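See below for the structure under consideration.
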Amino acid sequence: MAAKKFAVSIDEILVKKLDKAVKSGIVKNRSNALKEALSEYLVKLETEAIKRECLKLNPKEERAMANEFSESTDSWPQY
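Residue numbering for the sequence shown follows my numbering, beginning at 3 and increasing consecutively.
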């Protein structure tokens with residue numbers, strides 16, 4: 003996939019920390035560091051969204067639906 007460029011304003015303290023990480027070899031360059039950090043952050047956001055949705059589930063209702071399904075599939079039709 004082709005990379006897209008965009009401008010980002012970052013606090014000077016964060017830029018200094020980022021440059022220090024690049025200089026020490028922890029990260030290859032600013033761009034790679036920001037891509038990796040953004041990717042990890044987006045995965046975290048998706049995970050948190052899934053967790054929030056799971057918290058909306060009612061365990062008793064889910065168990066009842068699962069039991070109902072398993073009872074209805076005791077005998078599968080022959081093909």
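Quick reminder that beta carbons are idealized off the backbone N, C-alpha and C, glycines included. Since this is a predicted model, take the numbers as computed values, not measurements.
Which residues bound the alpha helix (DSSP H) around residue i?
{"i": "Ala39", "result": "Arg32 to Leu57"}
Helix, strand or coil: how does DSSP classify residue i here?
{"i": "Lys25", "result": "helix"}
{"i": "Val10", "result": "coil"}
{"i": "Ala66", "result": "helix"}
If we call anything under 7 Å between Cβ atoms a contact, is residue i one with residue j?
{"i": "Leu20", "j": "Ala35", "result": "yes"}
Would the stretch 10 to 29 and the stretch 49 to 65 be scored as touching if the rule is three or more Cβ pairs under 8 Å?
-> no
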